[in-house]
């Protein structure tokens, strides 16, 4: 997608960042940007997840913009 | 000693496996395999050139021919790389065609290997061998068929695990994110007990000829024993269905493909009472419907989203079927004497796949 001029990135919680990086390498995209967010999610309330999203969204948008520029 | 190196992901299938110099000493060799994480945690049989060549002698396929790309690393499983892992697991050469068919089966899109390999769920790949080859290879379909003691069951299941790890790249703690895993991730393989089944064999049910041989792979989250002295089909099915219905279940929130391993004694009761497999499936599907309110609130909410297209609006009183259709309940007769059958809950987002053995 980045080659088509579109933003391409993955969002992984801390427990799955290693998997995300390994998966990106396996698929031939080691440069794929990965936004790392705190783990866990399954036990958090919807409100807690929303707060985390609000804290992370600006960083994710910056990462996406950088991906598109690249 | 020269040993065939464990396969590396992303190699071209046309490339032959590398030969590496490895220690002659058995303990030192196993230390090497431990350090490189090429084992499942148990000692391996050294995959020497001689042993791998002998293994390859039991297939007509070329060593460099590609069988499948194995998720999540999408390492290319050539016949030779499968053979190397088969040697490491202790397989006899005659087992290789079974293992090749199993690798073909796990790579089918509907099996969803990508998710099965990388999930936190304990899901393991259960191999069911059906057809005359099971007896020829002495794959245990009877007493203790899921336990220890049969060379074929133990090593075929182990070899597939090594393929999943060494070619597919699912190393525990890395790409394999299982919270606990399960013992079935070491080996999970049995044959169908066709001699004790009142129904047509599994491979015939799947559309193969009686004299053909098949491998079926199932994304199995575990095994739950069901011991019942029930004397009639209605009673047997009622308690099996009660066991299937539980709140924290992937099958219910996604609509899965659960399996039941029917013991010969329970199969005899069901057959005696005139039930075909389709009847058993229909009855289990109806009896195992579970009120959505039995789920945790969050699981209920995600079920509402996941199964909306299938079931429409889901309320607390909605009776959720365990699978979208009755025919998605897997049934196979296996095991020995005794009043035990086994419930095999599935990963949910997976469908079993059957492939012919060459």
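Chains as they are written, first to last, in this note's numbering: chain A, 781 to 850; chain B, 20 to 377. Where is the CB? At the ideal position from N, CA and C, for every residue including glycine.
Test: residue 785(A) CB closer than 8 Å to a CB of chain B: no
Reference residue 179(B), options 376(B), 146(B), 46(B), 161(B), closest by Cα: 146(B)
For residue 817(A) versus residue 790(A), is the C-beta spacing smaller than 8 Å? no
If the cut-off is 8 Å on Cβ atoms, which residues from the segment 194 to 219 of chain B count as contacting chain A, listed in chain order? 194, 196
Looking at the secondary structure, which residues open and close the beta strand (DSSP E) in which residue 374(B) lies? 372 to 375
Using a C-beta to C-beta distance shorter than 9 Å, which residues of chain A count as neighbours of residue 130(B)? What residue 130(B) touches in chain A: nothing, since even the nearest Cβ is about 18 Å away.
Which runs of the beta strand (DSSP E), 3 residues or longer, sit entirely within the segment 138 to 181 of chain B? 143 to 149
Taking a cut of 7 Å between CB atoms, which residues from the segment 787 to 798 of chain A lie near chain B? 796, 798
Can you name, in chain order, every residue of its own chain whose Cβ lies under 7 Å from the Cβ of residue 843(A), other than the five neighbours on each side? 789, 813, 815
Buried versus exposed, by CB contacts within 10 Å (16 or more), residue 204(B): buried
What residue does the beta strand (DSSP E) around residue 194(B) start on, and which one ends it? Careful: residue 194(B) lies outside any beta strand (DSSP E) and carries neither H nor E.
Which runs of the alpha helix (DSSP H) spanning at least 4 residues fall entirely within the segment 38 to 111 of chain B, listed in chain order? 45 to 54, 68 to 75, 98 to 108
Taking only the alpha-carbon atoms, compute the straight-line gap between residue 181(B) and residue 100(B) and give it to the nearest angstrom. 10 Å
Identify which residue in 262(B), 341(B), 357(B), 225(B) has its Cα closest to the Cα of residue 296(B). 225(B)
So, do the segment 261 to 279 of chain B and the segment 323 to 341 of chain B have three or more beta carbon pairs nearer to each other than 8 Å? yes
Where does the unbroken beta strand (DSSP E) through residue 210(B) begin, and where does it stop? 208 to 210
In its own chain, which residues sit with a C-beta less than 7 Å from the C-beta of residue 143(B), not counting the 5 before and 5 after it? 201, 203, 204, 207, 239
State the CB to CB distance for the pair residue 369(B) and residue 130(B), rounded to an integer number of angstroms; the pair is presumed to be in contact (CB under 8 Å). 6 Å
Residue 188(B): contacting residues in chain A (beta-carbon distance under 8 Å): 802, 806
Euclidean distance between Cα positions of residue 220(B) and residue 47(B): 46 Å
What in chain A is Cβ-close to residue 137(B), meaning under 7 Å? 799
Indicate whether residue 231(B) and residue 150(B) have their beta-carbon atoms separated by less than 8 Å. yes
Give a yes or no on whether the minimum CB-CB distance between residue 841(A) and chain B is below 8 Å. no
For residue 42(B), which residues from the same chain have a beta carbon less than 6 Å from its beta carbon, with the 5 sequence-adjacent residues on both sides left out? 48
With residue 304(B) as the anchor, note down where its alpha helix (DSSP H) starts and where it stops. 296 to 306
Does residue 28(B) get closer than 8 Å to chain A when you measure Cβ to Cβ? Bear in mind that a pLDDT of 41 at residue 28(B), under 50, signals an unreliable position, so the model cannot answer this.
According to the Cβ coordinates, are residue 237(B) and residue 121(B) closer than 8 Å? no
Check the Cβ of residue 93(B) against every Cβ in chain A and list those closer than 8 Å, keeping chain order. 806, 807
Locate the alpha helix (DSSP H) running through residue 322(B), then write down its first and last residues. 316 to 325
Classify residue 364(B): buried if its beta carbon has 16 or more other beta carbons within 10 angstroms, exposed otherwise. buried
At which residue ranges does the segment 231 to 284 of chain B contain complete alpha helix (DSSP H) runs of 4 or more residues, listed in the order of the chain? 252 to 263
Per the DSSP calculation, residue 792(A) is bridged to which residue(s)? 816(A)
Just the Cα atoms here: how many angstroms apart are residue 91(B) and residue 810(A)? 14 Å
Alpha-carbon spacing of residue 5(B) relative to residue 61(B), whole angstroms: What the structure shows of chain B is the stretch from 20 to 377, and residue 5(B) is not part of that stretch, so it cannot be assessed.
Bridge partners - residue 360(B), DSSP secondary structure assignment: 245(B)
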